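What follows is a short report on a single structure.
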Amino acid sequence: MDTHALITRYYAAFNASDTEAMIACLSPDVAHHVNEGGVRIGTDAFRAFCAHMTRCYRETLTDIVVMTSRDGTRAAAEFTVNGTYLVTDEGLPEAKGQTYTLPAGGFFSVEDGKITRVVTYYNLADWMAQVSA
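Residue numbers (the UniProt record's numbering): 1 to 133.
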C-alpha cells in the first residue's frame with residue numbers, strides 16, 4: 001500500500017464524515033494522540049472519539065498537503081480546518097454555531113499498509129479566541 005494514498009484516503013473519509021472508512025485505514029491497535037489530550041488505543045476508542053466530535057463539531061479539511069518518508073513508515077500532513085461549533089463541548093466555551101478556520105497538522109506511523117499512530121495538532125488558544133469572539 002502506498003502511504004501517500006493511505007493518508008489521502010484517510011482525510012477523504014474524514015471530509016466525507018465516514019468514520020468507518022477512516023477506521024478501515026487504521027490498525028486495530030492504533031494509538032490516537034488527541035490534541036492537548038491523552039492517547040486513545042484501538043479502533044473502538046477512535047470510533048467513540050469520532051462520534052463525540054461529530055456531535056459537537058462539523059469540520060472540513062482543505063489545502064491538504066501529505067508528505068511521506070522514503071520507506072513509507074512515517075507521514076505528515078498540513079491542512080486547514082474549516083469548522084462550525086455545533087454543541088457545547090465539556091470545559092469549552094458555549095457553542096452558538098460559531099465558525100472557525102485553523103491551520104493544523106497530523107503525524108502518522110504506518111506498518112503493513114495500516115496507520116498505527118495518528119497525532120493531531122492545532123492551536124487551541126487560536127480556536128478559543130475564534131469561538132469566544
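Where is the CB? At the ideal position from N, CA and C, for every residue including glycine. Keep in mind it's a predicted model, so treat the numbers as computed, not measured.
Could you compute how far the alpha carbon of V30 sits from the alpha carbon of A125? 27 Å
Using DSSP's beta-bridge definition, name the partner residues of T60. N82
Apply the 10 Å Cβ neighbour rule to T43 and answer buried if 16 or more other Cβ atoms are within range, or exposed otherwise. buried
Mind checking who H33 pairs with in its DSSP beta bridge? V39 and V119
Less than 8 Å between C-beta atoms, sequence neighbours within five positions excluded: which residues of the same chain meet that for T8? I64 and V66
Cβ neighbour criterion (16 or more within 10 Å) applied to M128: exposed
Helix, strand or coil, according to DSSP, for D109 in the structure here? Going by the sequence as given, residue 109 is Ser instead of Asp. Three-state result, S109: strand.
For a quick check, are the C-beta atoms of T84 and L61 less than 8 Å apart? no
For T120 and R58, what's the separation of their Cα atoms in angstroms? 17 Å
Please work out which residues of its chain come closer than 6 Å, Cβ to Cβ, to T99, disregarding the five sequence neighbours upstream and downstream, and give them in chain order. T84
Quick check on G106: buried or exposed, where buried means 16 or more other Cβ atoms within 10 Å of its Cβ? buried
Less than 8 Å between the beta carbons of A21 and A13, yes or no? yes
How many whole angstroms separate the CB atoms of H33 and V118, which I take to be in contact at a CB cut-off of 8 Å? 7 Å
Got a sec? Which residues, its chain only, sit under 6 Å from C50 by beta carbon, not counting five neighbours each side? T19
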